[in-house]
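Colleague: In the UniProt record's numbering, the protein residues as written are 1 to 883.
Ideal Cβ positions, reconstructed from N, Cα and C, are used throughout, including at glycine.
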Ligand code: SER
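(1) What residue from 462, 863, 4, 594 has the CA that sits closest to residue 503's CA?
(2) Please list, in chain order, all residues of the same chain as residue 277 whose beta carbon is under 6 Å from its beta carbon, the five residues on each side excluded.
(3) State buried or exposed for residue 563, treating a residue as buried only when at least 16 other CB atoms are found within 10 Å of its CB.
(4) Just jot down, in chain order, the residues whose CB lies closer than 6 Å to any heavy atom of the ligand SER.
(5) Look at residue 8 and residue 93 and say whether their C-beta atoms are less than 8 Å apart.
(6) Output yes or no for whether 8 Å exceeds the beta carbon distance between residue 60 and residue 110.
(7) Would you list, in sequence order, the uninterrupted beta strand (DSSP E) runs of no fewer than 3 residues that lie entirely inside the stretch 169 to 224?
(8) What is the residue span of the alpha helix (DSSP H) that residue 50 lies within?
(9) Output needed for residue 190: all residues of its chain with C-beta closer than 7 Å, excluding positions within five of it in sequence on either side, in chain order.
(10) Any idea which residues DSSP pairs residue 817 with across the strands?
(11) How is the alpha helix (DSSP H) around residue 880 delimited, first residue to last?
(12) Got a sec, what are the start and stop residues for the alpha helix (DSSP H) residue 253 sits in?
(13) Hey, would you say residue 421 sits closer than 8 Å to residue 396, going by beta carbons?
(14) Below 8 Å on the Cβ atoms is my guess for residue 741 versus residue 822; work out the distance and round it to an integer in Å.
(15) Can you name the start and end residues of the beta strand (DSSP E) that residue 91 belongs to?
(16) Tell me where the beta strand (DSSP E) around residue 522 begins and ends.
(17) Can you tell me whether residue 600 is helix, strand or coil according to DSSP?
(18) Consult DSSP for residue 449 and reduce its assignment to one of helix, strand or coil.
(19) Can a CB atom of chain D be found closer than 8 Å to the CB of residue 472?
(20) Among 291, 112, 659, which has the Cα closest to the Cα of residue 306?
(21) Under a Cβ-count criterion, where at least 16 other Cβ atoms within 10 Å of its own Cβ denotes burial, should residue 159 be classed as buried or exposed?
(22) Tell me which same chain residues have a C-beta within less than 7 Å of the C-beta of residue 629, skipping the five on either side of it?
(23) How big is the Cα-Cα spacing for residue 804 and residue 795?
(24) With DSSP as the reference, label residue 666 as helix, strand or coil.
(25) Pick from 747, 323, 566, 727: whose alpha carbon is nearest that of residue 256?
(26) Between which two residues does the alpha helix (DSSP H) holding residue 16 run?
(27) Given this structure, state the Cα-to-Cα distance separating residue 299 from residue 637, to the nearest angstrom.
(28) Per the contact definition of three or more C-beta pairs closer than 8 Å, is the stretch 452 to 469 in contact with the stretch 480 to 489?
(29) So, with DSSP's three-state summary, where would you put residue 383?
(30) Can you tell me whether residue 332 is buried or exposed? The criterion is at least 16 other CB atoms within 10 Å of its CB, across all chains shown.
(31) Using C-beta distances below 7 Å, list every residue in its chain close to residue 838, excluding the 5 sequence neighbours before and after it, in chain order.
(32) Select from 370, 880, 751 the residue whose C-alpha is nearest the C-alpha of residue 383.
(33) For residue 43, which three-state DSSP category applies?
(34) Per DSSP, which one or two residues make a beta bridge with residue 595?
(35) Within 10 angstroms of the Cβ of residue 261, are there 16 or more other Cβ atoms? Answer buried if so, exposed if not.
(36) According to DSSP, is residue 683 part of a helix, a strand, or is it coil?
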């Protein structure tokens with residue numbers, strides 16, 4: 001028997017031998033076409049080569065392309081398991097000519113490979129051609145020698161192949177294999193063509209035209225060839241079986257699910273085993289190509305595929321999660337041809353295990369409700385749509401799962417009832433929201449989200465992507481078109497632009513195509529589901545339906561990523577240094593800085609700040625890869641992730657782990673933001689301020705990467721400027737400043753002494769006259785401009801010593817204010833306190849006091865200093881006269 005792996009290899013070998021470049025399969029998520037959910041044909045990765053937009057170093061190629069037809073236009077999901085040939089995942093073998101050979105060579109190659117290389121008897125083969133394609137008709141006659149009765153002209157779209165409503169297209173010629181008259185069915189074009197006897201195995205498309213909106217708009221630069229052969233179908237032919245599920249790959253996978261569940265693989269169980277085998281392939285390859293289960297877009301299709309298989313595992317009586325245990329068999333069958341499967345094996349297993357664990361919890365509840373609801377129903381009855389909606393709404397049962405679960409009992413589901421229950425729920429949600437007092441203009445987001453669903457975010461792994469414009473909003477209202485100078489909000493079906501949320505600012509960048517350039521300065525996330533690009537159209541114009549290139553400003557995004565990851569490390573460092581009471585109270589992750597608010601009762605000491613900064617930088621230097629996992633919030637918190645209290649999480653969260661801790665990662669947090677790949681990408685972490693936000697809440701502001709470098713650099717520049725001004729080296733600046741401060745203090749002291757000495761005649765030219773005599777008492781009264789009030793007492797003591805016995809009154813004037821001190825020698829019977837009080841009153845002050853021999857006071861009115869001394873003289877005279 002020829003194995004499927006042999007057939008794939010021999011196809012590629014044949015065309016390589018004929019000069020075709022052997023091109024590896026492109027990933028399942030299309031890179032060049034935002035209108036497609038998954039690659040669904042071998043030619044998709046070559047689309048732009050056919051149209052001439054892109055050139056490659058070869059003009060002919062061959063590939064075995066991974067394809068998924070589930071979700072979107074081609075959706076085979078519901079049929080899988082119940083037919084011989086439907087798959088969600090399949091491989092398409094193809095040979096391509098980009099303006100090189102055309103019809104004749106294509107037919108020659110196909111005929112040679114099928115009948116000579118593979119030895120399929122010519123009488124088993126029939127060809128179809130588009131009804132007007134005489135040329136193809138004649139070529140089949142000439143090359144294959146087929147009788148005219150087995151070259152069938154087909155007038156329908158079946159023989160005119162188009163990639164989609166937009167893209168390359170052309171008439172095609174299909175090759176059918178006759179499985180024999182033991183199977184019911186007739187040749188293509190006959191009344192029995194829907195039977196299974198004649199199976200299309202190869203489609204040769206004569207690519208010639210380009211279409212837009214299903215209308216031919218021109219010719220391709222050169223006539224080209226695109227062929228597609230379903231590997232599973234041709235394997236059935238070459239292995240002498242009729243059913244794809246009886247080929248070696250499927251037999252191995254089905255045997256494994258039989259062994260693991262202990263359930264027979266035939267009879268009533270057959271469909272379940274087939275579903276499991278098929279969906280295992282789709283799930284494994286999708287996860288390997290970066291799709292993870294989610295509630296929007298591609299992730300949602302994956303989730304539906306996984307859950308459908310998991311329900312069948314449950315039907316087979318599997319007591320524990322099954323799918324992840326089948327991954328080794330999948331890898332054994334297909335890993336050699338697709339190494340990405342081997343690389344992703346641990347991720348595929350973990351993702352399946354998690355999804356199945358979760359699903360089994362809800363499945364039991366959902367199935368119970370379904371059983372109850374269908375108890376009274378008989379074959380041919382219909383389940384009310386409302387019940388199906390309740391299952392969806394309460395238990396996360398997708399509609400098709402309910403339909404599928406009832407199919408064996410021939411019970412159908414009322415789709416329109418389901419749709420109206422869904423519409424009613426949306427209406428109620430909207431009404432509730434309207435009452436909440438939000439801006440009414442935001443209603444436009446509800447309309448868009450209801451109609452088109454959420455935006456799929458593709459920016460966790462990159463900053464570039466294509467998208468299709470699904471809505472344009474201008475001045476709060478939807479428009480179909482926008483032109484130069486317009487400020488608009490653009491919604492696309494998918495985008496790499498992060499919408500502001502969780503403290504992380506929205507992305508900026510450009511949206512372009514060959515007719516348009518729009519500059520996006522911010523992206524928001526209305527309703528938490530749409531990514532709204534706020535843009536201004538720089539040139540060209542934009543219409544709903546356009547395909548655009550979305551380019552995030554990657555430098556800005558990198559800076560945001562570094563700041564976001566640093567915030568996680570900071571949070572962990574704060575908790576480790578300050579204690580578990582530290583919790584996040586808010587954050588801002590901008591391109592140029594980060595801000596983190598947290599609960600803590602007191603200001604951080606400089607030592608604490610330094611230690612926290614050092615801890616974060618040590619983690620940066622460990623440069624460990626940052627890990628992301630999808631988990632339920634409960635599992636994540638049980639696994640030690642820090643969650644924000646009061647934050648509303650979806651039923652699935654991203655768990656970010658980073659850094660090196662004692663027994664686990666340094667930081668584990670729930671987070672939907674974008675992060676660095678490894679902590680080393682943060683480069684530097686620098687805390688630039690620590691302050692209070694309110695009582696019990698502190699705020700740290702910090703910088704990373706280039707911003708931190710510039711900040712440190714600016715500091716260094718200031719230090720150099722200071723060093724230059726001080727005429728020293730930067731290292732010596734602190735010592736130099738200290739000595740300058742010291743010197744200044746000394747000089748101030750000396751200056752004060754000099755002033756005092758000068759004032760008291762200790763050496764100046766204007767030495768004062770001797771003491772006055774008042775009532776027989778020596779009296780010195782002087783006003784001293786600028787004398788430090790602290791020096792006043794010393795000056796009084798000195799003057800008194802000089803005159804032997806007597807009264808000294810000195811007034812010091814500084815900045816218009818007066819300070820006064822009075823000294824009285826013992827034995828005069830006079831009180832310095834009384835005397836000083838008279839002076840203070842004149843100076844506009846209050847009180848004054850001290851001891852009888854020395855008292856001090858002051859007042860605001862320095863201009864009255866002379867009068868104050870006069871008052872002291874008078875008081876002295878009065879006291880003496882009274883004595
Ligand atoms: N594109 C064609 C198909 O998908 C032939 O490869 O059938």
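Modeller: In short, the structure shows the following:
(1) 594
(2) 250, 253, 254
(3) buried
(4) 41, 42, 43, 94, 161, 203, 205, 226, 227, 228
(5) yes
(6) no
(7) 198 to 212
(8) 47 to 51
(9) none
(10) 814
(11) 865 to 882
(12) 248 to 261
(13) no
(14) The Cβ separation is near 35 Å, so there is no contact.
(15) 89 to 97
(16) 516 to 524
(17) coil
(18) helix
(19) Absent from the structure is chain D; it holds one protein chain and no more.
(20) 291
(21) buried
(22) 655
(23) 14 Å
(24) coil
(25) 323
(26) 4 to 17
(27) 23 Å
(28) no
(29) strand
(30) exposed
(31) 871, 872, 875
(32) 370
(33) coil
(34) 588, 701
(35) buried
(36) coil
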